[in-house]
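Just below is one structure, and these are the notes that go with it.
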Amino acid sequence: MFNLLRCDNAVLSAQMTMVRVAANGCSELFVDLTFTQFSTLTATTHTIRRYRRDEMINGRCDCGAVSFEIEAVRETVTICHCGQCRRTSGHLWASTHAAYDKLKFTKDDGLQWYSSSDFAKRGFCKSCGSSLFDRMNDEEGIGIAAGCLDLPTNLQVGKHIFVKDKADYYEIADNAPQIDTY
Ligand SMILES: [Zn+2]
């Protein structure tokens, strides 16, 4: 175990507890981060699991006007309960993440971007309305709707964010960390 992260005034720090890199030509990275000091964060549990694998996964919108393949995707799904995500998705926004250059569109005729704020946009299919992507304007990565990926995804829920804005008609039933903001 060794220190991995620490902000300047030490109110936020974390330790990496396990890293594994496979040697079979299919590179894997497994990182377990445990926050040791998190007074500036709001969740009660702060374990982040990230697992990327060099394994192609495909996704598409419902009508097929947008389809894509991703070379390496984050194993965890972040579920956002904020008002924007509730409205644009119809319930909540469950997304995994990838480097943008690992995402290749096999069809993007239907892709439309919506600027949902000054700093972020959301991608959807203008033909069938499927919610597909979210992306910060200055981000090198891209969020991808977990629901549009082909099964089996082999993904797992990593955390819930903006739980303070959650709708009132459901409860969170898994054990993933619940964070009031993000
Ligand atoms: Zn579509």
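Numbering (the numbering used here), first residue to last: -4 to 177. C-beta: ideal position from N, C-alpha, C; glycine also.
Asked: From the DSSP output, in three-state form, read off N(-2) for me.; Found: Because the pLDDT of N(-2) is 42, which lies under 50, any placement of that residue in the model is unreliable, and the number read from its coordinates should be weighed accordingly. Of the three classes helix, strand and coil, the one that applies to N(-2) here is strand, per DSSP.
Asked: Please name the residue or residues paired with A89 in a DSSP beta bridge.; Found: I74
Asked: Would you call A162 buried or exposed, if buried means 16 or more other Cβ atoms sit within 10 Å of its Cβ?; Found: exposed
Asked: Can you name the residues that DSSP bridges to I52?; Found: I65
Asked: Go through the residues and name those whose CB comes closer than 6 Å to any heavy atom of ligand 1, in chain order.; Found: C56, D57, C58, A60, V61, G105, C120, S122, C123 and S125
Asked: Can you tell me the Cα-Cα spacing of N53 and K116, whole angstroms?; Found: 22 Å
Asked: Under the three-state reduction of DSSP, which class applies to S84: helix, strand or coil?; Found: helix
Asked: Does DSSP put V16 in a helix, a strand or coil?; Found: Its pLDDT being 43, under 50, V16 is placed unreliably in this model, and the value from its coordinates should be taken loosely. Here V16 sits in coil by DSSP.
Asked: Expressed to the nearest angstrom, what Euclidean distance is found between the alpha-carbon atoms of E64 and G105?; Found: 16 Å
Asked: Within the present structure, is the beta-carbon of Y109 separated from the nearest heavy atom of ligand 2 by less than 8 Å?; Found: For the structure depicted, ligand 2 is absent and the ligand set comprises only ligand 1.
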